[in-house]
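Heads up: the protein sequence lines correspond to chains E and V, in order.
Residues in the first sequence are numbered from 1 upward in steps of one, following my numbering.
Residues in the second sequence are numbered from 1001 upward in steps of one, following my numbering.
Have a look at the structure below before the remarks.
2 protein chains.
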Amino acid sequence: MSHPAPGRPLSRTDRSRHRRLREQGSPDRDELDAILAAGFVCHLGVSVDGSLLVVPTVYGADDTTLYFHGSAASRSLLAAPASSVCVTVTHVDGLVLARSVFEHGVNYRSAMVFGTPRPVTDPDEKWAGLRCLTEQSAPGQWDYARQPTRKELAATSLLALSLDEASVKIRTGAPDDGDTPDAELGLWAGVLPLQTRWGTLEADPALPPGIQAPPHLIERQDTAQGLRPSP
Amino acid sequence: MSHPAPGRPLSRTDRSRHRRLREQGSPDRDELDAILAAGFVCHLGVSVDGSLLVVPTVYGADDTTLYFHGSAASRSLLAAPASSVCVTVTHVDGLVLARSVFEHGVNYRSAMVFGTPRPVTDPDEKWAGLRCLTEQSAPGQWDYARQPTRKELAATSLLALSLDEASVKIRTGAPDDGDTPDAELGLWAGVLPLQTRWGTLEADPALPPGIQAPPHLIERQDTAQGLRPSP
């Protein structure tokens, strides 16, 4: 995700891995899991009636599977669930401010998952998948809020995508031109970090007085969203 | 981007507009411009050799055009630039915490731009496009850092995508179940905002002592990244 970059999508220090990440416990697989665990919104790429769509949608991920709503793309996807998709989760960690414009870039962590989503029809798996999806963004809410009725569950379309085929790209650290002639220019260079944080709870105006937010929400206020991988 | 949602990609209060946003100055077009102006990373969906890819990459947008690196997707895209793409920019503004799991969702602003990117070959347009792209994420850096040489410029592949065909989706505000029987459950409901902020500058370890960061970077520290639309 570098700036002016001639024929290379990422700058030199990027660690790019376009390979199958089948093995749990491998460093690559650990990075995949960490990137998925740190987010809750993905960009789902689907081809619908010959048109390519990139749709933001919430997801949940467990050890083997990424879950998302079948309705996320469109009814067309539901009509043809056997098409291949790409799901990308990206965390932007900062701007890389180099001596030259050419070497400017972004520090980030990104995971792509490829495959053909499978409609989840088994009621127990659907329950577990929806719980996973809800807890990914709002941990504690599945048990706190009213859980789905049988009717709601039946009306919900859930897709499961295997984590077997995925790739991870990560860039961290300082600019790459510290050892080039540009270092003699006397220009400042470094990184401006970008941080995503939860703010302060805003009660629904329709809420009757006297109802307090539960501890799991209170404690989440003013904390960092997601986690950077340990250096 | 709601949670368990039966056959609908967005919850009831979403304002979904899948239409051409040709007219500048229209409310829709103003929203598109605001969403693009508030970000600098997009998700580019391309079909390469029959495989669908969703790639995060930096972009720049002016009144008519979105610019991104031709290398962002792959050399394959450069070999066949005449394919249609979808570029999506998403800002996640908060979690919508409803009384029922079924009504949980996300407050967000998202823009999709559709079309066939055009390789930028004119040197003046390429210069202006790269400046636009750099200034989108790092305003002030084009003039501060070393600008591209003729060789760097020639080595950089830049694509231009018209903003003529686009759609905008926005969700704001409280949960939707404040006037349903679930409101009698006595559960807290509301929104947990999510905010993206710039942190504190981190100097390149290779930087000689005595070089101060320029004012446009100093002033950006500890400020909000992007802007929410005025309510």
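By construction, the Cβ of each residue, glycine as well, lies at the ideal position given by its N, Cα and C atoms.
Residue from 1194(V), 1192(V), 1211(V) with nearest C-alpha to residue 189(E): 1211(V)
Looking at the C-beta of residue 1146(V), does it have a partner C-beta in chain E at a distance below 9 Å? yes
Residues near residue 193(E) by beta carbon distance below 6 Å, same chain, minus five either side: 94
For residue 4(E), collect the residues of the same chain with a Cβ closer than 7 Å to its Cβ; drop the 5 residues on either side in sequence, then sort them by chain order. Since pLDDT at residue 4(E) reaches only 35, below the 50 mark, its modelled position is unreliable, and no value is offered.
When we look at the beta-carbon of residue 300(E) and count the other beta-carbons within 10 Å, is it buried (16 or more) or exposed? This structure gives no information on residue 300(E), because the portion of chain E shown stretches from 1 to 231.
Nearest CA to the CA of residue 215(E): which residue from 173(E), 138(E), 180(E)? 138(E)
Taking the straight line between their C-alpha atoms, what separation do you get for residue 104(E) and residue 1207(V)? 16 Å
In chain E, which residues lie with their C-beta within 8 Å of the C-beta of residue 1220(V)? Residue 1220(V) reaches chain E at 192, counting residues in chain order whose Cβ is nearer than 8 Å.
Could you tell me the boundaries of the beta strand (DSSP E) in which residue 1065(V) lies? 1065-1069
Per the contact definition of three or more C-beta pairs closer than 8 Å, is the region 1047-1056 of chain V in contact with the region 81-90 of chain E? yes
Could you run through the region 207-218 of chain E and flag, in chain order, every residue whose CB is less than 7 Å away from some CB of chain V? 207, 211, 212, 213, 214, 217
Could you check whether the region 152-165 of chain E touches the region 56-73 of chain E, counting it as contact only if at least three pairs of C-beta atoms, one from each stretch, sit closer than 8 Å? yes
Determine the burial state of residue 7(E): buried for a count of at least 16 other Cβ atoms within 10 Å of its Cβ, exposed for fewer. With a pLDDT of only 29 at residue 7(E), under the threshold of 50, the placement of this residue in the model should not be trusted, and no figure is reported.
Does the Cβ of residue 113(E) lie closer than 8 Å to at least one heavy atom of the ligand NAP? You won't find the ligand NAP in this model; it holds no ligand whatsoever.
Can you grab the Cα-Cα spacing for the pair residue 90(E) / residue 123(E), in whole Å? 31 Å
Helix or strand or just coil, what does DSSP make of residue 1137(V)? It is helical.
Listed in chain order, which residues of the region 101-133 of chain E have Cβ atoms closer than 9 Å to some Cβ of chain V? 101, 102, 103, 104, 105, 106, 108, 110, 112, 114, 130, 131, 133
DSSP-derived helix/strand/coil call for residue 219(E): coil
Show which residues of chain V have a CB atom less than 8 Å away from the CB atom of residue 47(E). In chain order: 1047, 1052.
Sequence-distant residues of the same chain with beta carbon closer than 6 Å to residue 32(E), five excluded per side: 21, 111, 166, 168
Which bits of chain E does residue 1174(V) rub up against, with CB to CB less than 9 Å? Within chain E, 202, 203, 204, 205, 206, 207 have C-beta atoms less than 9 Å from the C-beta of residue 1174(V), given in sequence order.
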